[in-house]
Every structure is written in C-alpha cells, then in structure tokens.
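Notes follow once the structure below has been shown.
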Amino acid sequence: MYIPRYILTLLIIIYLLFLMSVDWINQPDGAWYRPFFVGFLVVCVAAWTHRRKDSDEF
Amino acid sequence: MNFEITTLLALGCGYLVLLFALAYATDRGLIPERLTRHPVVYVLSLGVFASVWSYYTSIGNALRDGYGYLAPSIGISLAFLFSPMLLKPLLELTKTYQLSSLADLVAFRYRSPWAGTATTLVTLVGVTPLIALQIRAVADTANLLSIQVSESAIAFSFCVLITAFAILFGTSQRAGRTRHDGLVMAIAFESLVKLLAFLIVGLFAVLSGFGGFDNLDLWLQSQPELLDSLKNTDYFSSFHVLALLFFAAAVALPHMFYVTFNENNDQRALSIASWGLPLYFLLLGLPVLPILWAGLQAGSSVPVEYFPVVVGAAYGSDLITVIGYLGGLSAASGLIIVLTLALSNMCLNHLILPISQPTANQDIYRWLLWRRRALITALIWAGFIFHFIPDERTGIQITGTIAFTACLQFLPGILAILYWPQANKNGFLSGLAAGVSIWFLFLFLPLFLNSDSASLVALNWREVAALSLIVNSLLFVSVSLTTKTSDEERSSADVCALDTIKRRKRSGLVAKSPREFIKSLSKPLGESTATREVNQALQDLGLDMNDRRPFSMRLLRARLEANLSGLLGPSIARELIDGYLPYAIVSQHGSSDLNVIERRIESYRSNLSGMAADLDNLRRYHRQILLDLPLGVCSLSFDDEIVMWNRALEKITEIDSSEVVGSQVNELQEPWLSLLSNFLDEDASHSYKHYFEINGNKKAINLHKAQIERTGTQDSSHEGVIILIEDITETEILEAGLTHSERLASIGRLAAGVAHEIGNPITGIACLAQTIRDEFDNEEISGLAEQIVEQTDRTSRILQSLVNFAHTGTSKTQYEDEIVSVEECMDEAKTLVSLDKKAKDVNIELHCDPRIRIRGDAQRLLQVLVNLINNARDASQPNSTISMSAAVEGDFVRLSVSDEGIGIPAAIKDRVFDPFFTTKEAGEGTGLGLSLVFSIVEDLKGEIDIISPVDKNRGSGTEVILRFPALVDSNDGLED
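If you're matching them up, the sequences are chains A and B in order. Mapping to this note's numbering: the first sequence position 54 is 54, numbers consecutive. Mapping to this note's numbering: the second sequence position 105 is 163, numbers consecutive.
Given below as structure tokens:
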C-alpha cells in the first residue's frame, strides 16, 4: 500500500500531539478550550503538509 | 418566546429566496467564476455534512459525553486529513469513470447491478431518518418560537419550499456531467451562514450569559459536576465508534459523496479541503460548550439540543434567537437539498432504470430529468412521513446515530475497492446483508416498536454498530476468499486497486469509426442522443470525427461508457456499450494494450516509490533512447498496430506520431503504406535503397526489421515487429555528387590530354606559319602567315585555359603561392567563359586596375571567377550585362561579380554554398560550383559575401563580393 511521505509525517505528528495533549486537556484546572488549541495545531500542520501541488496525480 | 408564525414563514421564505437568487446569479454568470470556482467555496460546500446533527445534537452530546461530542468532527476530519489514502484515489476513479454515487462506484467495482441496487436500498432506508431528522428539527424549533401553529403544519410548509428549491436547482442540468455551480454556491453560502450563526450565538452566550470569558471560567469553577462530566473519560467507549461512523460517512453518505466527488472541479481543492474542512468543524465545535452552559445557567426547560435557538430568548435578544433559528434552518435545508438530489440519482440509476428504460424515440434527457424530479419530491415527502413515525420522545440523537450506523456497513466494501483486489461481489453482498440485518433488527426496527428512547439507548448502539461491522467484515473476507471471481470483476478490481498497474487486454472493435459508433448507438438511444453523446466523448478526448485509429476507438468506447455511466449509471451504461459496441476479437494472448498501460503509469507516476519508481525511471530512460535514436523506429504489435513512432521517423516521414500511434499499418499513407507493408511481407530482415518522393523531395531509405520475441509469463507476453528506417538521402546525394565530380574530373583530364595532343600540331602549324612569314617576301603570303600565327596563338591560349581549368579541383593540385595579377585573371576568365558558344549571349564588362595584385594561386582564382561568371550568366537575361570589378579597400582587395539577373530568394540564401545545392534543372548544374568557390576562397584566406537583390526596388541582381588580403607595398597608391 502506497502512503505518501507527507501523509506519514502528518500521521506521526498527530499521534504525538494526541499522546502529549490528552493529560494536558483533561487537567481539572485546565481551560475548557484546550482541545481546540490542539485541534488548531493539527489543522496548521495539515495545511503545511498539504501545501504541495499534486499536479501529476491525475 | 412567541414569534408570529408569519414572521417565521417570512424568514424561511426569505432565506430560501436568497439562496435561490444566489444560485440563479451564479448559474447566469453574474458572479465571477474565479469566486464561484474558488477552493474555499468547495470547502464550504463540504460543510453540508454539518447538518442539524452538528448544529443541535452536538449540544446534547456535549452534556452527556463531555469532550466526546467532538467525535463526529474528528471522524470526518480524519477522513479529509488523510485524503490521499481514501478520498483522492476515489476522486480519481469517480472522475475517470463518471461515477456519481457510492452505488455507481460499487456497481462498477463489483461488476454487479445487484451490488448497486443493494447499496441504493440500504442507503435509502438508512438515510431517510436523516431527512426526517432535519424536518423534525426545523419544525421543533419553529414550534418553540411560535406555539400558534402546529409542528406538522410547519414541517409541511418547510417540505413544500425545500422541494421546490431542490427541483429547481438540483436538476436544471444534466446530472453527472457538469458541476452545478449555482447549487454549490448556495450550499457553500448555507454552510457559511450556519457557521457564522453558531459563532454569533456562542459569543452572545459568553458575553450576555456570563459577562465575558473570565466570568465564564469563574462560573465553571463553581460547577464541579459540569467540569467532571466535561473531562471525564467515560466517553472513550463510544468515542472511537462514533468517530469511525463519521469517518465512513465522509464517503458513504450520498450527499457527502456527491459534493466531495461530483462537484469537485480541481484536485487542488481537495488538498485545501484536507485541512479546510477540519478547520470548519473545529470552528463549528467551538461555541457548543458556551451555548450549553448558557442554556443550563438560564434554566431553560426545552430539550438541550435546541439551546442554540432558545439561548437568545433566555437572555432577552430576539435577534440572536432569529440568528440561531436561521442557522438551524440553513443546516437542515442544505442537507435535504443535496441528499435528495444525490439519492434521486442513485434511485434512478439502480432502482428505476434497470426496470424501465426510455425508448429510442424519446428524449432521454427529458425522460431522466422528470423522473429525477419525481424522485426528489418522493424522498423529501418520505422524510416528512417518517418524521411522524418515531415516538415523540425519541431524541434526534438516536435517529441520527441509526442513519450513520447504516452507512457504516459500506466501509469494508469501500476500503476493498482501493486496497483489496481479491474482494468480490459475493463477499460484498453477503457482508452487507449480514451487517444491515443486525442494524435493522437492533437499531432500525425498535424505532417502530413504540419503545421510548431509554430502551433504545439500552440497546447500546455502540455494540450494535461494532457487531454489525465485525460480522460484515468477516463475511465479506471469508466469502470473497471462498467464492469464484469473474474475469470481468477481476479486471475491474485491477482498474480500481491502488497498487496494481496490470496489462490491459486489447481487442478490436466492430465499429471502426465514430460514425459507426453513432449508427450502433442510435438503436438504443435514438440518433440525436447518440450523435450528441459521441460528439461529447470525442470532444472530451480531443479526437476528430474522422479518426479511425483502433487505439482512438477503444478510448472513445471507454469514454462513452464513462459518460453514459454519469447519465444512466454504470450497470446500464455497461450493458448498452457491451451490447451495441462489442469487440470484434475476443481478448487474446499477447494483445496487451501498451498505450493504455503507458497512460496509466504516467498518471500514476507520483504514487510510485522505491523499486517501482526506479523501474519507472529505467523504463523512461529506455523509452527516451528509442525516441531520440537518430534512426527511424517503428514498433508494431502482433496485429500490425503501430505502438511507437519515434522522432527521427517523424522527421523522415513528416508524419506526427500522434497521428499514427494506435493505428494499423494498412492505414498509413503512401508511400509508407507500400514500403512497410511489402517489407513486412518479405522474409528478408534488411531491404536497401528504396527511392521515392515526399512533397517534391527525393528520399532514399534502407529498411531493417526484427521480431520482438515473447517475454515473461503467458499473461505478460507480447510479440510484434520492430522496424528501423534509415534515411540515406544525404548519403545518396553525396555519392551521386562524388560520381558526378569524378566524371567531370575524367572529362577534365581527357580535355587536358586532348589539348596537349592538339597543342603539338598547333605548335607545328605556328612554327611553319612563322617560317612562311619570315622566309617569304610576298606580303600577301606573309600577311596570311601572320594571321595563321595569330590564330594559332589564340588556339594555344584556349588550349592552355582548358588545361589550367582541368587541373584545378583535384586533390593532387598544389596551391601555388605566387603574385597574381587580378586583371589578368579576370581577363582570362572572361575569355574562357566567352568560349561557351551554347551559353546565353551576355556582355561581360571588366573594371580593374591592371596593377592590382594579390598573393595566391592564379589558377584557383581563375576557377573561382569562371564559376561566378557562369552562375551570373545563368541567372541573367540574354544581352544583359555582367560586371567584374576589382579595387583596393584598405588592407584588402575587393573583387566583385555582379549581374542583373533574377536574384537569390531569401529562403535559399543560406544554402547556396551547400554542396550539391542547386536551383537549376536536373543535368544542368551539379550544385558544386559555389561550394567549390567557397572552399577555394577560404583556402586563399579570403572572404565571400553575396548581396541579393542589388536593386532593392526591382528585387533583381546579385553581387558576389570576394575579399583577399592585399599584397603589401605592391598596391600602394591604388586605393580609391
């Protein structure tokens, strides 16, 4: 199965972010919007990894 | 809260009219295309997924599951974040084969109309609750705002309005062919409206409900039970299943499939959607918690799902209430329009058309359009009826979950399309049947058993969803592995699978031209429809109506199938194409379609990595070698179809490769048809010196051929012939020129010998004449003897000139390094040229100072001048003047020979010094004269230049200018 390199990068980053942020999000005194902060980070990383133009893929 | 029902109706109508106007303006081109086709519009149109589920249900989910309410957003976001693994390959498939729905895709991949029908039926039953959910949410919220009118009346009015809109804009164009820009723009606008409405309500909840973010935090700290429910991890049990449901829904839900694949006009848009849609859902999820907490703080008694509507009223703002209501209305209407439109196509292609088809006399487009409209109406009203059926107490959360769980049953089949070529229709249908049965028994049926929501929840939908998926997958795999897969299905699996680029079999078609295609298709479709479809397919492929190449015909057939698939669904389209455009030869061993394989590899190139990429690079390298080979290469398949026509061959034949690749050898034009056909019939592998003419140019070629032996396994074997075509035209001309030169040299030597032999008696005659002149006193006799002496002198000069000329131009001749009198040379050249009595009579003028000298070889200079004067005379009219002049210019002596002739055309000016280039008739010129002049002038360290025309106004006359280094000192004082 072919997995583009940038997708693998994204997968690893998201996984690491998830691991690092679960406890931080669920801290009792943590702000309620912490999951959105993590989500925004994921979107930024995804926008960065998808920035290339796949001109010859079709 | 008690809004006037007229206000709510006006709001609903006004909003839909606004959408109508926007869609209308887009379709009429009033909105710039760069805006309507902007990727952001596509991303926003994907927001149609955020139905009332995201708008209302997420509030209830947040209360129950805490952060678990984000699971649907995460599920759909994951599908888009990793789009290159699922969505992009599917987009490629749907675009290539014009597959407009999941049922089309499944029917295409599993080569079974039953697979398409089953998919449609399950989708139909599964998503009807989703339509009902939207109607119910709109009716409930309107009922909350205005208790004057019954919920049913509101639902009825909403359905009437939405039916009209869906029919007007969803079916105004030919489905499956073009992007519905107006509809997409309207859906994108709806997504924007609901997002903005939700954000505004959320911000209002924070500012008015709590007095700001700090106060919200303070309030939250005072609500430990809320904080606990928010951050508890109990939701993890359902989180994964819910995320998976929504991941599958990204492809399996008809409206998502429709917008993601059908309305995509640019693959880059999907790349942007890969992060744009997750961002959209992130923003949509942000206001959920503040709205929930504001509603709870206000102590609202309405169901928690409808807090976005009531929170405004709870804090005294009717405007926010209206905004909240409009957001919900927007979410519901957007989903219903796209869902019913997509579902109507599915039902038409997989439920109606297999039973009833238009006749050839009917307008097929109109027939389809009206049925599609009827289906849209039926679907919306089925949803309307359905929204009554579940018990009033059944929450919208349960209804939505049931719909999404139905779509989950397609996930194994979808993944297998791309990643498991061994899967077959038996496996797919068995797995689907098992999964759907579990879903039906444990989730769908209880809706009608008048049980309350508590009992439904008690069924634990998570376990039912997981169980149905597991049973579905297990059966799918085991049945696929244990039952036989048809060749047709295997071939289709290869087309769909990501990792296989297998060789296609190539067969000839019965129909040999686009006109024959039209004739064949006229039987089922009618002549006008068949003509329209064939023309459309030709236009899509950039082919011509006169193209008869088998390769083009195969492409045309595939394109027609794809286009008809967009119109009638893949099953009917395949049936039509197989029935009316059959193959003449059944696929056979060794008939792989190399051109198609090559195209596929080209389109797949960026997906190749590792060894596959290396092999592809090697393939390209070898191919490039063949293409750039300075010999003409033409490779033929076993049935004489041209597979390769390289660049050198394009140059030799003056035929572009795109015109012939894919055609048969017997379709070539003359003289290539005879040459190649005869050569192929011969046993000899080499055939030399074939002469012919192309566009007036004489050509000569050698032909060589070799059989391409079968390689590899039976399946991948291929045989054919490779022909090398060697252009020997230049060599032939050189050989002819050399022969001619040799003949001239022989004549020269002969002339020299004759001159020498004649010289002796002439010398004798001259001696005798001199004796007579000197010995006899008779004046008359002396005078006659003097005349004899003069004539013999003249004869001697002529003979000497002949000998001189004959001795030049041979390799044995050595260059003299002597002082040459230019005037004498010119005079001698003039004399020599005048001897040719057969040539035109021209007046040769000589303007030269007798003192001008150069260093060089007189005989060579003489040869140059004779050639130039001869050329000038050939170009001149009889009795015109040829001028020869010489003058000193600085360090050079400038010699010029000019005529009043026709001049040299600009097009051939650069070629006049080329060996054997001549404009004279055959036999009149060798094409060596000026070439010889050029080389001699160079040997004498001089320069040559041609000015033509001399008379710019009349465009006539040529002047050849020679420049030689002047002899130091001897030309002093001669400069003009």
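Every residue, glycine too, gets a C-beta built ideally from N, C-alpha and C.
Using a Cβ-Cβ cut-off of 7 Å, I3 of chain A is close to M143 of chain B, given in chain order. Interface annotation for the region 329-342 of chain B against chain A: S329, S332, W333, P336, L337, L340, criterion Cβ-Cβ distance under 7 Å.
Spatial neighbours of V878 of chain B in its own chain (CB-CB distance under 8 Å, excluding positions within 5 residues in sequence) are listed in chain order as R911, I912, R913, G914, D915, A916, L919. Annotated as distal: S993 of chain B and G959 of chain B, with beta-carbon spacing of 7 Å or more. The three-state reading of DSSP puts Y33 of chain A in coil, since its state is none of H, G, I, E or B.
Under the 8 Å Cβ criterion, the region 87-106 of chain B does not count as touching the region 254-268 of chain B, having fewer than three qualifying pairs.
In the three-state reduction of the DSSP assignment, Y746 of chain B falls in the strand class. At least one CB atom of chain B sits nearer than 7 Å to the CB of W32 of chain A. Judged by their CB atoms, E708 of chain B and S716 of chain B are not nearer to each other than the 7 Å cut-off.
Rounded to whole angstroms, the gap between the alpha carbons of A165 of chain B and A173 of chain B is 5 Å.
Residue contact with chain B for I7 of chain A: present (Cβ-Cβ distance below 7 Å to some residue of chain B). The DSSP-derived three-state label of T711 of chain B is helix. Under DSSP, G778 of chain B forms a beta bridge with B:S695, B:I766. Sequence-distant Cβ neighbours of I1005 of chain B in its own chain, meaning closer than 6 Å and more than five residues away, are E1017. Annotation: the continuous alpha helix (DSSP H) that includes G489 of chain B extends over 483-497. Annotation: I245 of chain B to L102 of chain B spans about 8 Å, alpha carbon to alpha carbon.
Under DSSP, M942 of chain B shares a beta bridge with B:L904, B:V955. Counting of Cβ neighbours within 10 angstroms places D605 of chain B among the buried residues, the total reaching 16 or more. Separation of the CB atoms of G118 of chain B and V259 of chain B is rounded to 16 Å, and the pair is thereby denied contact status at 8 Å. Sixteen is the threshold: when 16 or more other Cβ atoms of the shown chains lie within 10 Å of the Cβ of M404 of chain B, as they do, the residue is buried.
Listed in chain order, the non-local C-beta contacts of F216 of chain B below 6 Å within the same chain comprise V196, local neighbours out to five positions each way being set aside. Annotation: E363 of chain B is outside any beta strand (DSSP E) and is labelled neither H nor E by DSSP.
For S892 of chain B, the closest alpha carbon among the candidates B:P908, B:N925, B:C906, B:E874 is that of B:N925.
By the C-beta density criterion, F18 of chain A is exposed, having fewer than 16 other C-beta atoms within 10 angstroms.
Listed in chain order, the non-local C-beta contacts of V185 of chain B below 6 Å within the same chain comprise A461, local neighbours out to five positions each way being set aside. Neighbours of F36 of chain A across chain B, judged by C-beta separation under 8 Å: L340, G343, L344. Excluding sequence positions up to five before and after N760 of chain B, its CB lies within less than 6 Å of the CB of Y746, E784, I786, all in the same chain and listed in chain order. For Y125 of chain B, the nearest CB of chain A lies under 7 Å from its own CB, placing it at the interface with that chain. Identification of chain B residues near L10 of chain A by a Cβ-Cβ cut-off of 8 Å yields L139, F140, ordered along the chain. Not one beta carbon of chain A lies nearer than 7 Å to the beta carbon of L399 of chain B. In this structure, the beta-carbon distance from R852 of chain B to A843 of chain B does not fall below 7 Å. Per the coordinates, the alpha-carbon of N419 of chain B lies some 8 Å from the alpha-carbon of L583 of chain B. For a Cβ distance threshold of 7 Å, residue set L340 of chain B lies close to F40 of chain A, ordered along the chain.
Assignment of beta-bridge partners to M702 of chain B by DSSP yields B:S693. Only residues of its own chain outside the window of five on either side were considered, and among them I902, L904, I927, M942 have a CB closer than 8 Å to the CB of K888 of chain B, listed in chain order. Taking C-beta atoms as the reference points, N593 of chain B and Q156 of chain B fail to come closer than 7 Å.
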